[in-house]
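Residue numbers (the UniProt record's numbering): 1 to 253.
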(Lines of atoms letter the chains of each structure in order from A and count residues from 1; the text may use other names and numbers.)
(Lines give C-alpha, C1' and ligand atoms only; values in the text may rest on other atoms or scores of the structure.)
Protein backbone atom coordinates (compact mmCIF):
# COMPACT_ATOMS: atom_id res chain seq x y z
CA UNK A 1 0.00 0.00 0.00
CA UNK A 2 1.47 3.31 -1.10
CA UNK A 3 1.83 6.02 1.50
CA UNK A 4 -0.17 9.21 0.84
CA UNK A 5 1.70 12.40 0.08
CA UNK A 6 2.53 14.24 3.29
CA UNK A 7 0.88 17.60 3.89
CA UNK A 8 3.02 20.71 3.48
CA UNK A 9 2.38 24.43 3.44
CA UNK A 10 2.11 26.16 0.08
CA UNK A 11 4.30 29.24 0.08
CA UNK A 12 3.40 32.11 -2.21
CA UNK A 13 5.07 31.88 -5.61
CA UNK A 14 4.55 33.74 -8.86
CA UNK A 15 2.62 30.89 -10.40
CA UNK A 16 0.08 31.01 -7.54
CA UNK A 17 -0.67 34.73 -7.98
CA UNK A 18 -3.51 35.80 -10.28
CA UNK A 19 -2.64 37.91 -13.32
CA UNK A 20 -3.33 41.62 -13.46
CA UNK A 21 -3.84 43.17 -16.87
CA UNK A 22 -0.83 42.68 -19.14
CA UNK A 23 1.51 41.32 -16.50
CA UNK A 24 2.02 38.12 -18.48
CA UNK A 25 2.51 39.78 -21.85
CA UNK A 26 6.15 40.82 -21.62
CA UNK A 27 9.37 39.24 -22.81
CA UNK A 28 9.40 36.85 -19.85
CA UNK A 29 6.20 35.17 -20.98
CA UNK A 30 6.97 31.65 -22.23
CA UNK A 31 5.70 30.50 -25.58
CA UNK A 32 3.14 27.77 -25.04
CA UNK A 33 3.36 24.74 -27.33
CA UNK A 34 0.17 22.72 -27.81
CA UNK A 35 -0.32 19.56 -29.80
CA UNK A 36 -3.64 20.77 -31.21
CA UNK A 37 -1.86 23.81 -32.71
CA UNK A 38 0.62 21.65 -34.66
CA UNK A 39 -1.02 21.36 -38.08
CA UNK A 40 2.14 20.76 -40.11
CA UNK A 41 5.29 18.70 -39.79
CA UNK A 42 7.54 21.71 -38.92
CA UNK A 43 5.11 22.73 -36.18
CA UNK A 44 5.15 19.17 -34.84
CA UNK A 45 8.94 19.25 -34.80
CA UNK A 46 8.76 22.44 -32.74
CA UNK A 47 6.51 20.71 -30.20
CA UNK A 48 8.93 17.79 -29.97
CA UNK A 49 11.89 20.14 -29.60
CA UNK A 50 10.08 22.03 -26.81
CA UNK A 51 9.56 18.75 -24.95
CA UNK A 52 13.25 17.87 -25.16
CA UNK A 53 14.24 21.35 -24.05
CA UNK A 54 11.91 21.18 -21.06
CA UNK A 55 12.85 17.69 -19.88
CA UNK A 56 16.55 17.49 -20.79
CA UNK A 57 17.26 21.22 -20.37
CA UNK A 58 19.05 21.41 -23.70
CA UNK A 59 18.64 24.17 -26.24
CA UNK A 60 19.83 22.05 -29.11
CA UNK A 61 18.30 18.61 -29.39
CA UNK A 62 21.12 16.10 -29.07
CA UNK A 63 20.93 13.01 -31.21
CA UNK A 64 21.81 10.52 -28.47
CA UNK A 65 18.96 11.84 -26.29
CA UNK A 66 16.26 11.44 -28.92
CA UNK A 67 13.62 8.73 -28.58
CA UNK A 68 12.69 7.85 -32.17
CA UNK A 69 9.84 5.48 -31.30
CA UNK A 70 8.19 8.02 -29.00
CA UNK A 71 8.55 10.77 -31.58
CA UNK A 72 6.88 8.59 -34.21
CA UNK A 73 3.96 7.84 -31.91
CA UNK A 74 3.49 11.52 -31.10
CA UNK A 75 3.58 12.50 -34.78
CA UNK A 76 0.90 9.90 -35.51
CA UNK A 77 -1.16 11.20 -32.54
CA UNK A 78 -0.97 7.75 -30.96
CA UNK A 79 0.17 9.27 -27.65
CA UNK A 80 -0.48 12.58 -25.95
CA UNK A 81 2.10 15.17 -24.99
CA UNK A 82 1.74 14.02 -21.38
CA UNK A 83 2.66 10.48 -22.42
CA UNK A 84 5.56 11.79 -24.49
CA UNK A 85 6.89 13.73 -21.51
CA UNK A 86 6.42 10.61 -19.38
CA UNK A 87 8.47 8.57 -21.85
CA UNK A 88 11.30 11.12 -21.90
CA UNK A 89 11.42 11.32 -18.10
CA UNK A 90 11.52 7.52 -17.88
CA UNK A 91 14.08 7.09 -20.64
CA UNK A 92 17.46 5.52 -20.01
CA UNK A 93 19.24 8.73 -21.04
CA UNK A 94 17.38 10.84 -18.50
CA UNK A 95 17.96 8.23 -15.80
CA UNK A 96 21.72 8.13 -16.40
CA UNK A 97 22.12 11.91 -16.75
CA UNK A 98 19.85 13.09 -13.93
CA UNK A 99 18.63 10.34 -11.62
CA UNK A 100 21.87 8.45 -11.02
CA UNK A 101 23.95 11.54 -10.24
CA UNK A 102 21.64 13.22 -7.71
CA UNK A 103 20.14 12.43 -4.35
CA UNK A 104 16.36 12.29 -3.84
CA UNK A 105 16.03 15.91 -2.68
CA UNK A 106 17.90 17.23 -5.69
CA UNK A 107 15.94 14.91 -7.98
CA UNK A 108 12.63 16.17 -6.60
CA UNK A 109 13.71 19.77 -7.18
CA UNK A 110 14.71 19.13 -10.80
CA UNK A 111 11.56 17.15 -11.65
CA UNK A 112 9.23 19.72 -10.10
CA UNK A 113 10.86 22.46 -12.14
CA UNK A 114 10.89 20.56 -15.40
CA UNK A 115 7.61 18.65 -15.17
CA UNK A 116 5.38 20.92 -13.07
CA UNK A 117 6.97 24.19 -14.17
CA UNK A 118 7.64 25.53 -10.67
CA UNK A 119 10.20 25.34 -7.89
CA UNK A 120 9.52 23.40 -4.67
CA UNK A 121 7.62 25.43 -2.13
CA UNK A 122 9.94 24.54 0.73
CA UNK A 123 11.99 21.76 2.27
CA UNK A 124 8.83 20.08 3.55
CA UNK A 125 7.63 19.49 0.01
CA UNK A 126 11.01 18.04 -0.95
CA UNK A 127 10.76 15.62 1.95
CA UNK A 128 7.19 14.66 1.04
CA UNK A 129 8.06 13.86 -2.58
CA UNK A 130 11.30 12.17 -1.53
CA UNK A 131 9.21 9.72 0.47
CA UNK A 132 7.29 9.03 -2.74
CA UNK A 133 10.56 8.29 -4.51
CA UNK A 134 11.59 5.92 -1.72
CA UNK A 135 8.26 4.07 -1.58
CA UNK A 136 7.14 4.04 -5.23
CA UNK A 137 10.52 4.13 -6.91
CA UNK A 138 11.58 6.66 -9.50
CA UNK A 139 9.08 5.58 -12.17
CA UNK A 140 6.22 5.66 -9.67
CA UNK A 141 7.32 9.14 -8.64
CA UNK A 142 7.15 10.33 -12.27
CA UNK A 143 3.66 8.86 -12.65
CA UNK A 144 2.56 10.59 -9.44
CA UNK A 145 3.75 13.94 -10.77
CA UNK A 146 2.30 13.63 -14.28
CA UNK A 147 -1.02 12.19 -13.08
CA UNK A 148 -1.42 14.78 -10.33
CA UNK A 149 -4.25 17.25 -10.25
CA UNK A 150 -1.78 20.13 -10.45
CA UNK A 151 -0.28 18.88 -13.71
CA UNK A 152 -3.73 18.22 -15.18
CA UNK A 153 -4.99 21.71 -14.32
CA UNK A 154 -1.82 23.44 -15.54
CA UNK A 155 -1.03 21.55 -18.76
CA UNK A 156 -3.52 18.79 -19.43
CA UNK A 157 -2.80 16.13 -22.04
CA UNK A 158 -1.74 18.28 -24.98
CA UNK A 159 0.36 21.19 -23.63
CA UNK A 160 4.14 21.04 -23.21
CA UNK A 161 5.11 21.92 -19.62
CA UNK A 162 6.74 25.32 -19.18
CA UNK A 163 7.90 27.54 -16.36
CA UNK A 164 4.75 29.18 -15.12
CA UNK A 165 4.75 32.95 -14.64
CA UNK A 166 8.45 33.71 -14.49
CA UNK A 167 8.64 37.27 -13.21
CA UNK A 168 12.39 37.68 -12.76
CA UNK A 169 15.63 35.80 -13.14
CA UNK A 170 16.59 33.34 -15.82
CA UNK A 171 14.51 30.26 -16.74
CA UNK A 172 14.96 27.09 -14.72
CA UNK A 173 16.50 25.20 -17.59
CA UNK A 174 19.34 27.76 -17.75
CA UNK A 175 20.29 27.71 -14.08
CA UNK A 176 19.72 24.12 -12.93
CA UNK A 177 22.54 21.79 -13.99
CA UNK A 178 21.80 18.11 -13.70
CA UNK A 179 24.65 17.60 -11.19
CA UNK A 180 24.36 18.66 -7.57
CA UNK A 181 27.20 20.41 -5.76
CA UNK A 182 28.35 17.22 -4.08
CA UNK A 183 28.62 15.41 -7.40
CA UNK A 184 30.38 18.38 -9.04
CA UNK A 185 33.03 18.29 -6.32
CA UNK A 186 33.37 14.53 -6.77
CA UNK A 187 33.78 14.23 -10.53
CA UNK A 188 33.70 17.78 -11.86
CA UNK A 189 36.34 20.47 -11.47
CA UNK A 190 38.43 18.38 -9.09
CA UNK A 191 39.49 16.11 -11.94
CA UNK A 192 39.90 18.79 -14.60
CA UNK A 193 41.46 21.80 -12.90
CA UNK A 194 45.20 21.29 -12.27
CA UNK A 195 45.09 23.55 -9.21
CA UNK A 196 42.76 21.15 -7.43
CA UNK A 197 44.91 18.22 -8.53
CA UNK A 198 48.06 19.79 -7.11
CA UNK A 199 46.32 20.70 -3.86
CA UNK A 200 44.89 17.20 -3.54
CA UNK A 201 47.87 15.01 -4.40
CA UNK A 202 50.68 17.14 -3.03
CA UNK A 203 49.21 18.35 0.22
CA UNK A 204 50.57 17.01 3.50
CA UNK A 205 47.15 15.75 4.48
CA UNK A 206 46.85 13.65 1.33
CA UNK A 207 50.36 12.25 1.70
CA UNK A 208 49.66 11.23 5.28
CA UNK A 209 46.55 9.36 4.15
CA UNK A 210 48.74 7.28 1.82
CA UNK A 211 50.99 6.08 4.67
CA UNK A 212 50.45 2.50 5.87
CA UNK A 213 48.71 1.86 9.15
CA UNK A 214 51.01 2.05 12.13
CA UNK A 215 53.51 4.38 10.48
CA UNK A 216 54.80 6.83 13.15
CA UNK A 217 54.62 9.71 10.68
CA UNK A 218 50.82 9.58 10.80
CA UNK A 219 50.93 10.58 14.45
CA UNK A 220 53.39 13.46 14.32
CA UNK A 221 50.84 16.11 15.08
CA UNK A 222 49.36 14.15 17.97
CA UNK A 223 52.79 13.50 19.46
CA UNK A 224 53.77 17.14 19.09
CA UNK A 225 50.62 18.28 20.87
CA UNK A 226 51.18 16.09 23.95
CA UNK A 227 55.00 16.10 24.13
CA UNK A 228 56.17 17.60 27.47
CA UNK A 229 58.62 20.46 27.36
CA UNK A 230 61.60 19.39 29.50
CA UNK A 231 64.19 21.61 31.16
CA UNK A 232 67.48 20.99 29.45
CA UNK A 233 70.87 21.63 31.20
CA UNK A 234 72.75 24.71 30.23
CA UNK A 235 75.98 24.38 28.32
CA UNK A 236 78.73 25.69 30.68
CA UNK A 237 82.48 25.25 30.42
CA UNK A 238 84.33 23.80 33.39
CA UNK A 239 86.70 26.76 33.43
CA UNK A 240 83.77 29.06 34.12
CA UNK A 241 82.70 27.28 37.31
CA UNK A 242 83.90 28.79 40.61
CA UNK A 243 84.42 25.70 42.71
CA UNK A 244 85.56 27.66 45.80
CA UNK A 245 82.21 29.38 46.13
CA UNK A 246 80.45 26.03 45.98
CA UNK A 247 82.48 24.61 48.94
CA UNK A 248 80.86 25.55 52.28
CA UNK A 249 83.10 27.73 54.50
CA UNK A 250 83.91 26.34 57.92
CA UNK A 251 85.66 28.69 60.31
CA UNK A 252 87.85 27.83 63.29
CA UNK A 253 86.26 27.11 66.68
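From the three backbone atoms N, C-alpha and C, an ideal C-beta is built for every residue, glycine too.
On the three-pair Cβ rule with 8 angstroms, is the stretch 151-168 touching the stretch 130-142? no
Residue 159, DSSP secondary structure in three states: Residue numbering aside, residue 159 sits at position 159 when the chain shown is read from its first letter. Strand.
Any contact between the stretch 47-62 and the stretch 85-99? By contact I mean 3 or more CB pairs, one from each, below 8 angstroms. yes
Mind checking which residues open and close the alpha helix (DSSP H) that includes residue 257? Summary: the structure shown does not reach residue 257, with the chain confined to residues 1 through 253, and so no result is reported for it.
Quick one: what does DSSP say residue 104 is sitting in, helix, strand or coil? By one-based count along the chain shown, residue 104 stands at place 104. Looking at residue 104 - three-state DSSP - the assignment turns out to be helix.
Are there 16 or more other CB atoms within 10 angstroms of the CB of residue 159, so buried, or fewer, so exposed? On the chain shown, position 159 is the one that residue 159 refers to. Label assigned to residue 159: buried.
What three-state label does DSSP hand residue 79 in the structure shown? The residue labelled residue 79 in the question sits at position 79 within the chain shown. Here residue 79 sits in coil by DSSP.
So, helix, strand or coil for residue 13, using DSSP? In the chain shown, residue 13 corresponds to position 13, counting from 1. Coil.
Check the C-beta distance from residue 67 over to residue 91 and give it rounded, since I have them as a contact under 8 angstroms. Working through the chain shown from its first residue, we reach residue 67 at position 67. Working through the chain shown from its first residue, we reach residue 91 at position 91. Correct: roughly 6 angstroms between the Cβ atoms.
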